[in-house]
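Position one of the sequence shown corresponds to residue 1 (the UniProt record's numbering), numbered consecutively onward.
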Amino acid sequence: MKKVYQCSNNLELQPFIETLKRLDIKHLVKNEYISGAIGELPFTEAWPQLWVLNDSDLDSARSACKAIEQELKTDKPDWNCTHCGEENHANFEFCWQCEQLDVHQV
1 MKKVYQCSNN LELQPFIETL KRLDIKHLVK NEYISGAIGE LPFTEAWPQL WVLNDSDLDS
61 ARSACKAIEQ ELKTDKPDWN CTHCGEENHA NFEFCWQCEQ LDVHQV
């Protein structure tokens with residue numbers, strides 16, 4: 001078992017977890033429920049960690065996580081919905097007005 005990634009909270013770790021699920025890489029999240037211990041433990045020791053169960057999956061998992069990191073850092077432009085014309089912020093995958101999927105996300 002090897003550690004692949006660590007984030008400051010569970011929400012930040014979620015895209016990495018979902019990516020490993022899609023790739024069918026068996027994984028484990030450590031420290032998922034330990035945030036209440038921050039203050040008693042050093043905060044970085046209480047951060048959630050993503051581990052792969054099979055050492056042979058480590059390189060694939062790290063590559064996938066690096067790709068997710070790059071994607072999250074990329075500035076994306078706001079977009080207009082092709083269905084209703086409403087302007088949406090770049091971080092929206094669905095139109096806030098009509099819930100249509102952004103065609104650029106597909």
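For glycine and all other residues, C-beta sits at the position ideal for the given N, C-alpha and C.
- The residue among Gln70, Leu53, His83, Ile38 with its C-alpha nearest the C-alpha of Ser8 is Ile38.
- The DSSP assignment places 49 to 52 as complete runs of the beta strand (DSSP E) inside the region 31 to 63, in order along the chain (cut-off: 3 residues).
- 8 Å or more divides the Cβ of Val103 from the Cβ of Thr74.
- In the structure shown, Lys2 adopts extended strand secondary structure according to DSSP, grouped into three states.
- Gln49 is positioned such that its CB atom lies no closer than 8 Å to that of Lys21.
- Trp96 has no beta-bridge partner at all, per DSSP.
- Linking Phe92 to Pro15 through their CA atoms gives a straight-line distance of about 15 Å.
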